[in-house]
Amino acid sequence: MYRVSAEPSNTRHSQHSFEKAVNGEIDKINEEIEVYKETLANQDIEVSVKEEIEVFVEPVLSQAVEETVKEECEYNQNNRAHTGLKAFEYNQCGTTSSRKSNLETNLMIHTGEKPHKCNQCNKDFLCNSNLIIHIRTHTGEQPFECNQCDKAFSRKSVLLAHQRTHTGETPYQCNQCDKTFSQISTLKVHQRTHTGEKPFQCNQCDKAFSSEEYLVVHQRTHTGDRPYHCNICDKTFAQRSTLKLHQRIHTGEKPFQCNQCDKAFSRKSVLMVHQRMHTGEKPYQCSQCDQAFSHKGNLIQHHKTHTGEKHQCNQCGKAFSSERYFVEHQRAHTGYGPYQCNLCAKTFSRIFNLKVHQRTHTGEKAEKPYKCNQCDKSYENNSRLIIHKRKHTGEKPFKCSQCDQAFSHKGYLVDHHRKHIGEKPQCKQCGKAFSSERSLVEHQRIHTGDRPYHCNLCHKTYPKRSTLKVHHRTHTGEKPYKCNQCYKDFSKKSVFIKHQITHTG
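Counting in UniProt numbering, the sequence shown runs without a single skipped number right up to 505 at its last residue.
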């Protein structure tokens, strides 16, 4: 008789049920063997019963036992899921699980084995499910769609987190402060701001991070990896979030709206800085003087006035206290214009110049929130207002080191210095030389066709701000030039000078 005994299980019930099921099948087969033996004996066929059993019966027996074991295992696995029984244990770390596959995965964590490889970039993964999600970064597949907007995602978990932006649900609360979060992973990272824990360390430098995501992004500064690619202009980015912000340049999307003036912004951080214009808040205080700033970058730039730190251009020797102005200046040498108009494809070295240019297309009037308290003039930024106020106060803080002249604007001092050294900025396209950088910039618009100054009354455009001012007088009727001999008024200085010649002969 054939008989099987089950291997010891974690519970007596499992052992008993397993043995009972298997041995029940074997009893049936043993009965069939006895009948088969009697049949052979009655027919006087000389054959070795042992051989017959080996040839015909044992394969049947093996198959029957295999099927029974499979069914019993499936039952036990499902039963364990309901009862909480965990029949499999891994001795190395004491992990228990109701599924053998979970222990196999646990073993790979200890061994470092990653058997699932991407055939496009050779990255390895512990689980096949992680590989499938990763492959979507190559294919662009986003099977999980939001039913409230048109957005789609490569992971279901990301979709669920996104849907909370519609519902406003933030179910995960910090137990040390009142902040709540839409994702538990975000809560965990936040809690490390309380504990100071930074468990993720870079293996190439000593920096450590509170989030694995921050570490991955940081490591790209070492590898130069920029995996996120804009499908419109081919620019690449190290972070997915930076790509999303960049794409808003193309789409024009501005999801962050000011509730006081209806202006909208593509970035939340820019909205927060903008709102300080309404509140007057200046949270960034200089530690060496009483000045405070609404923007951290302005404080950093201001600090350099105390330290004397400068960024020097290695092509022309100019020095700049602001890194931003230094970078913008270098573009004058390289001709690089990273800011592109999405309507006419013109490029600009400064984002401010792009914004001014775009108004020639849209007709939008520039916002001028910085108002002079001594006259009615207002300006787009605080630095222009400060320069304007010097007309009222007579302040001229920029003094020439070679003569006694002083100026209200640093640019005027730079232009003045050129008179001492005989330097004249030259146009690369036609060779003309000019007494000031500003005059050169205005001249270059003849070559580029750029007309950034826009009349908000008749939509005419001009290459020079001064020409726009003269044009405005045709709308306002202003005639600031008065002849003191015949009392005639003129809107243009050139016409006024010609008129005076009629009196002098």
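All C-beta atoms, glycine included, are put in the ideal place defined by N, C-alpha and C.
The shortest CA-to-CA distance from His-311 to any of His-329, Val-270 and Leu-126 is the one to His-329. Going by beta carbons, Lys-488 and His-499 fall inside the 8 Å limit.
Distance between Pro-227 and Ser-401, taken at the CA atoms: about 51 Å.
Using a 10 angstroms sphere on the CB of Asp-450, the tally of other CB atoms reaches 16 or more, which defines it as buried.
Sixteen is the threshold: since fewer than 16 other Cβ atoms of the shown chains lie within 10 Å of the Cβ of Ser-269, the residue is exposed. For Arg-324 and His-306, the gap between their C-alpha atoms comes out near 18 Å. Taking the Cα of Thr-467 as reference, the smallest distance to any Cα among Gly-477, Lys-492 and His-459 is reached at Lys-492.
Apart from sequence neighbours up to five positions away, the residues of its chain that approach Ile-387 with a beta-carbon distance below 8 Å are Ser-408 and His-409, ordered along the chain.
For the alpha helix (DSSP H) assignment, the uninterrupted runs of no fewer than 4 residues enclosed by the UniProt domain "C2H2-type" (228 to 255) are, from N- to C-terminal side, 240 to 251. Secondary structure note for Lys-296: its alpha helix (DSSP H) is the uninterrupted segment 296 to 307.
With fewer than 16 other Cβ atoms inside 10 Å of its own Cβ, Leu-457 counts as exposed.
Looking at the DSSP output, Glu-145 shares a beta bridge with Ala-152. Distance from the CA of Glu-380 to the CA of Leu-243, rounded to the nearest whole angstrom, comes to 28 Å.
Rounded to whole angstroms, the separation of the alpha carbons of Lys-254 and Arg-248 is 7 Å.
A straight-line Cα-Cα distance of about 15 Å links Gly-196 and Asn-175.
Rounded to whole angstroms, the separation of the alpha carbons of Ile-133 and Leu-385 is 53 Å. Your pair His-190 and Phe-200 does not check out as a contact, with CB atoms roughly 15 Å apart and the cut at 8 Å. In the DSSP annotation of this structure, Phe-434 is not part of any alpha helix (DSSP H), being labelled neither H nor E. Around the beta carbon of Ser-241, a 10 Å sphere encloses fewer than 16 other beta carbons of the protein chains shown; the residue is thus reported as exposed.
A distance of 8 Å or more separates the beta carbons of Phe-125 and His-138. Classified as buried, Gln-358 has 16 or more neighbouring CB atoms from the shown chains inside 10 Å of its CB. CA-to-CA, the gap between Pro-425 and Arg-445 works out to about 15 Å.
Secondary structure at Ala-345: coil, using DSSP grouped into helix, strand and coil.
With a 10 Å radius around the Cβ and a threshold of 16 neighbouring Cβ atoms, Tyr-453 comes out buried. Here the C-alpha atom of Lys-296 lies approximately 14 Å from the C-alpha atom of Leu-271. Counted as a single uninterrupted DSSP element, the alpha helix (DSSP H) harbouring Arg-331 occupies residues 323 to 334.
In the three-state reduction of the DSSP assignment, Lys-355 falls in the helix class. His-454 is bridged by DSSP to Thr-461. Its Cα nearest to that of Gln-120, the residue Arg-136 stands out among Glu-113, Lys-346 and Arg-136.
Separation of the CB atoms of Lys-235 and His-246 is rounded to 6 Å, and the pair is thereby assigned contact status at 8 Å. The three-state reading of DSSP puts Tyr-487 in coil, since its state is none of H, G, I, E or B. Checking the DSSP bridge columns, you'll see Gln-201 partnered with Ala-208. When the alpha-carbon of Ser-210 is set against those of Arg-438, Lys-198, Tyr-336 and Arg-220, the nearest one is in Lys-198.
Only exposed fits Ser-157, as fewer than 16 other CB atoms lie within 10 angstroms of its CB. The secondary-structure analysis by DSSP pairs Ala-319 across a beta bridge with Gln-312. A Cβ-Cβ distance of about 14 Å is found for the pair His-166 and Phe-153, leaving them out of contact under the 8 Å criterion.
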